[in-house]
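Residues in the sequence shown are numbered consecutively from 583, following my numbering. Note that beta-carbon positions come from the ideal geometry of N, C-alpha and C, so glycine has one too. Let me begin by presenting the structure, written as structure tokens, before commenting on it.
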Amino acid sequence: MWSNRKRMNLSLGKMIFFLMEEVPNTRLEATKAKEKRDKNRQEQAGHIIRKLKQELSALGLSDDSLALEHEHEISYTFKSERASTGPEAVDCFKEKTPCDTEGLASGKTEVAESDVESHSMVEHLVKSGSLVVHVEKDSAQGEVGDIELGGLFLEDASPSEILPPDILKVQKQEKIRRLSEKNLDKLDGIWKKGDPQKIPKAVLHQLCQKSGWEAPKFDKILGRGKIFSYTVSILRKASGRGKNRKAGGLVTLQLPDQNETVESAEDAQNKVAAYALYKLFPDIPVHLPITEPYTLLIMKWMEGESSTNLEDSEKNHRSGFVDSLLNDNSSAATASVDVTDYKCLQNIGRLQENRNSTIACHQQFSQRETYIKERESADLRQAQHSKMRTQRYQDMLNIRATLPIAALKGDILKLMEEHDFLVVCGETGSGKTTQVPQFILDDMIESGHGGYCNIICTQPRRIAAVSVAERVADERCEPSPGSDGSLIGYQVRLDSARNEKTRLLFCTTGILLRKLMGDQSLSGITHIIVDEVHERSLLGDFLLIVLKNLIEKQSTNSSGKLKIILMSATVDSSLFSRYFNNCPVVTAEGRTHPVTTYFLEDIYDQIEYRLASDSPASLTDGTFPKGQILQRDVVTNSRGKKNLVLSAWGDESLLSEEHFNPYFVPSYYQLCSEQTQQNMKRLNEDVIDYDLLEDLICFIDETCDEGAILVFLPGMSEINYLHDKLVASSQFGGPSSEWVIPLHSAVASSEQKRVFLRPPGNIRKVVIATNIAETSITIDDVIYVIDCGKHKENRYNPQKKLSSMVEDWISRANATQRRGRAGRVKPGICFSLYTRHRFEKLMRPYQVPEMLRMPLVELCLQIKLLSLGYIKPFLSEALEPPKVEAMDSAISLLYEVGALEGDEELTPLGHHLAKLPVDVLIGKMMLYGAMFGCLSPILSVAAFLSYKSPFVYPKDERQNVERAKLTLLNDKLDGPGNTNDIDRQSDHLLMMTAYKRWERILTEKGAKAAQKFCNSFFLSCSVMFMIREMRVQFGTLLADIGLITLPKDYQKNAKKIGSLDSWLSDVSQPFNIYAHHSSILKAILCAGLYPNVAAGEQGIVAAVLSSLKQSSSSASSGRTVWFDGRREVHIHPSSINNNSKGFQYPFLVFLEKVETNKVFLRDTSVISPYSILLFGGSIDVLHQTGQLIIDGWLKLTAPAQIAVLFKELRLALHSILKELIRKPENATVLNNEIIKSIITLLLEEGSIPQ
């Protein structure tokens, strides 16, 4: 028998299986011999069993592995034969894990082999002399009597057998479990369990950095036509000493199979990066942090290596192994087997799952998943049918059926089935936002596929995602989103309500983009609905590029295709249809009642309004800059006082002083009253008239029918100002004040819900909102809309080199949307606070896309973070691509700040900046502030620079404002730091101090005291509140990337802005230990704002100065003349440094440049030479003259030794900061001696008398 098997030339795996198979067979033979009282055959069988066990032991297989109960075998075989998709299959999986192949082997053990074969085998071994039986009868009897029947044994597949891809996928889970037990710590700072997986290029780049190697370079292999094929080259540094020394040098790798299919250049680079990870880091589980399908590639290469080793060992040991069994039963026969080799083979063999067992395991796993999905689908269908029998749900269905979009349900579902993309246009009130997602969900549930349904609907704002989710859950008669029994959920920043049963998720665009970072194929998602695409936000247009590319990659996949639906209220449908391969467009009419529109001239006539000459909206008061709307945050009743004074002095002629509105056309207003024409002549259309707003709201409340009023204002400060003005009035004070409701993105979710409630019968609800109420949410009881015609818009200021919020006129499309908010339940009225001429002639038809008017720096970072390829080719695929100059400018800045290096590779700093939704300069300042222990004041500066200055300038009180600023600067920061002359020469320190004092008063004495403080120091209280919220937002962003750790009770206090801000201000926190040292603070300002630097004559290289210097009035008057490297500049009159005549150092950092008749610098701070040396540009050392030249034009004087020392110190600092950014948990200054030394150096410089 054995000789026959040897001649069969079986693989080692099969020979092991057949060997193990004989144990239960021989036990069965022994049992039958015992029943027949044939002791001789019992003894023979017992000896054979012992021999088999010895040989199995030599292979590293213990006797315990053979002792599976016969009853379990029968039970499992029964279940496998049934191949059930019912509950039995699920129970089977509960009993064993999917890859526990010893317990899940589906092939039946051949215990039913015929008695003839078993008998012949034993007889053959005895007659041939291969086995000589010498056993005591009693002992043999006892052993045979103790023989256990049954047991399952696995058949090891031959290493040369190729496993199909679906088997490899199942095998991977067990292999990862085993391989990940070792050296997982070597991935510290790169990836840990629970983190989203990354593409191989990103992991390779980080491991090379961690190893001190050069960044990998990818080069296309020429001569391969259209085939994407790349090599990767890495310059490694030598490491170790003696025998442990590892040589360095350049290594270049390419895929072993160059004919492997690749989808794109990016895919080819990732595949060769995965191969580099496999070859260069064999002791690290590099398969864990990378995404599919690259994990499977590494596993395939590992399996191929194991197969080669196993085949070699099999070839060498097979005949000796079989011969050892056939030889005389001496100890030498067993010893002749290399036990160590076989144990190694056994360990390697564990990585090779039995083919039949793995197929059965995979089938069981698939059956289990299918069963779960099918059972969920059936449950959802049953629950849906039960719900449809309830009266409440029927009533809701009837209401939903009246929406215009309902008539298009069949068309939408049919077109979605036939196309990958669909554009749905619906006017205001059509119901598209709430109904289209439900059409898809209901259809999948009814068709029996609800368990597979996974819909994501993006909204441009957090409040919209939350409110729409709650509305949809209510329409479905389900509990609140995320609750048990609800299929609806939402996820926004810092707030989430979802569970494993969620089938329809509403989220912001940023949330979906973050999901793409971990899963670029969006596996498991069936539908993505992008709502409000007409807003053309930067991230929205970016998402469209990603989704288009994703669908194109999926086009060859016949099943499981992702479907994309674009929805908008007002959209150029042909533009989107062309972009998405001429996809179909469905348009729904709006369901609004007639809306009457009154323009500004009509409103003036209707309420008989007189524009006061001293009103901010009047051109007679020409001292205020364009866009200045608030003179104080204190609500006063001083309007028209100038008119009264002039009339009392008998000088009424001054009242008719001519100041013409440049947009005033007399013929447009011939039918208007004389007063209205006078108003229009001197109207400053760029300024919001709050007196008119108050009068108009009161007029509506007094004369119009019931119904809520919705007021559109551009921003939070404007909303707060009108709110305070109304609640201070007699008409909306008292109980009515609770129904004057602000609505903007900073309002807490719980407070946002109040806008949807109905007030008592005798009170009118007034909602004051930003454009968030334009399309994102619908307030059903609104009858009256007041539209100021303004909104805040992100724009790029080339002088400032920062993105900023600019107040500007809305487009006609926006105005139409706002008008449509009225008349949802009955005919409405829209009061437009702009002229008919502006609406018809001056307003843009559509809003300019953000991609064409905003800096692209943050978007470029996202492109690199998602590994979407080179920046310019990717952005050129946009719906309306940005200009090449804008892309070049963004890329250049990213290199300049250190976010990119090499061939557009992200640095560690770049990785963190990509996760901070702020300007890169401000983001860099925040990162350095956290690492250098001065976070709280830097957060304040970052917030002010991102928003606006808190100071207001009432007429004729500029000198009082300047005195108030100096008084604030004399206030010492917390701690032992001193306030000296250089501290008084910083607008940024002034911002820090103003906020710190306000925050302390607010915390200790309350809001009224804080308001009084603001009044005394000419500060905007609403701006200060906004800064507080921005500080908390910035702080949580830094916590997200690991630079700080939020308090343990953060989740409980997540909505308590004040408590979180107080915690961020706590000087006992490690990130604030140097918050009171101005020298550290200004050094960090330099780190963030550089290269926005100006220098006096003493700080400029002579050759450069001679070409820049020009005669100026400031020079003749003895004042410092400043240059920015290209020309003379001047400090802005609003800066604290404007009136300074002597400066401690000849260097300034600034926020922005403003050019009028001169070039002015806003928000300046004097900085020290050490700050320039540490955080400035490139350094050249002139040893003979003892000078340092920074960026070719700034000059410092120092001994050559000091200069060289600073240069080396900067290199060390750069290396340390890269390591700290790579490992944020080490970001505290207490853990790094280099940073502590730098801090000491800066503190000593600050204490040196000048």
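- Remark: fewer than three beta-carbon pairs, one from each stretch, lie closer than 8 Å, so the segment 1107-1118 and the segment 1072-1082 are not flagged as touching.
- Taking the CA atoms as reference points, residue 881 sits about 22 Å from residue 810.
- Shortest Cα-Cα distance from residue 1372 to any of 1298, 873, 1520, 1253 involves 1298.
- In this structure, 875 is the residue among 865, 870, 875, 833 with its C-alpha nearest to the C-alpha of residue 853.
- Along the segment 1438-1469, the beta strand (DSSP E) does not occur as any fully enclosed run of 3 or more residues.
- In this structure, residue 1181 places its C-beta atom within 7 Å of the C-beta atom of residue 1417.
- Cβ-Cβ separation between residue 1788 and residue 1669: approximately 15 Å, too far for a contact (criterion under 8 Å).
- With a contact defined as Cβ atoms closer than 8 Å, residue 1123 and residue 1460 qualify at about 6 Å.
- Under DSSP, residue 1008 shares a beta bridge with 1170.
- In the DSSP secondary-structure assignment, residue 1290 is bridged to 1364.
- In the three-state reduction of the DSSP assignment, residue 980 falls in the helix class.
- Distance from residue 1261 to residue 1201 at the Cβ level is roughly 11 Å; contact not present, criterion being Cβ atoms closer than 8 Å.
- Out of 1522, 1752, 1681, the CA that lies nearest to the CA of residue 1654 is found in 1522.
- DSSP places residue 1034 within a helical segment (H, G or I) once states are collapsed to three.
- Secondary structure of residue 1051 (DSSP, three-state): helix.
- Excluding its 5 nearest sequence neighbours in each direction, residue 819 has C-beta neighbours in its own chain below 7 Å: 794, 795, 830, listed in chain order.
- Taken in chain order, the unbroken stretches of alpha helix (DSSP H) that lie wholly in the segment 1597-1644 and span 4 residues or more are 1603-1622.
- Residue 837 and residue 857 have their C-alpha atoms roughly 7 Å apart.
- Separation of residue 1436 and residue 1506 (C-alpha to C-alpha, rounded to the nearest whole angstrom) is 19 Å.
- Taking a 10 Å sphere around the C-beta of residue 1573, we find 16 or more other C-beta atoms and assign the residue as buried.
- In the DSSP annotation of this structure, the continuous segment of the alpha helix (DSSP H) that includes residue 1821 starts and ends at 1815-1829.
- Taking a 10 Å sphere around the C-beta of residue 1822, we find fewer than 16 other C-beta atoms and assign the residue as exposed.
- Listed as beta-bridge partners of residue 1712 by DSSP are 1742.
- Residue burial is scored here from C-beta neighbours: residue 1657 has at least 16 other C-beta atoms within 10 angstroms and is therefore classed as buried.
- Under the three-state reduction of DSSP output, residue 836 falls in the strand class.
- With 16 or more other Cβ atoms from the protein chains shown falling within 10 Å of its own Cβ, residue 1118 counts as buried.
- Between residue 1686 and residue 1731, the C-beta gap is not smaller than 7 Å, which leaves the two residues out of contact.
- If the five residues before and after residue 1445 are omitted, its C-beta is found closer than 7 Å to the C-beta atoms of 1453, 1456, all from its own chain and listed in chain order.
- Straight-line spacing of the CA atoms in residue 1093 and residue 1366 works out to 35 Å.
- With 16 or more neighbouring CB atoms inside 10 Å of its own CB, residue 1450 falls in the buried class.
- Taking C-alpha positions only, residue 1598 is separated from residue 1470 by approximately 47 Å.
- The Cβ-Cβ distance between residue 1258 and residue 1187 falls below 7 Å.
- Taking C-alpha positions only, residue 1713 is separated from residue 1720 by approximately 5 Å.
- Boundaries of the beta strand (DSSP E) around residue 1179: 1177-1180.
- Apart from the 5 residues on each side of it in sequence, residue 802 sits with its Cβ closer than 6 Å to the Cβ of 812 in its chain, given in chain order.
- Short of 7 Å from the beta carbon of residue 1151, and not among the five residues preceding or following it, lie these beta carbons of its own chain, in chain order: 1008, 1009, 1010, 1116, 1357, 1399.
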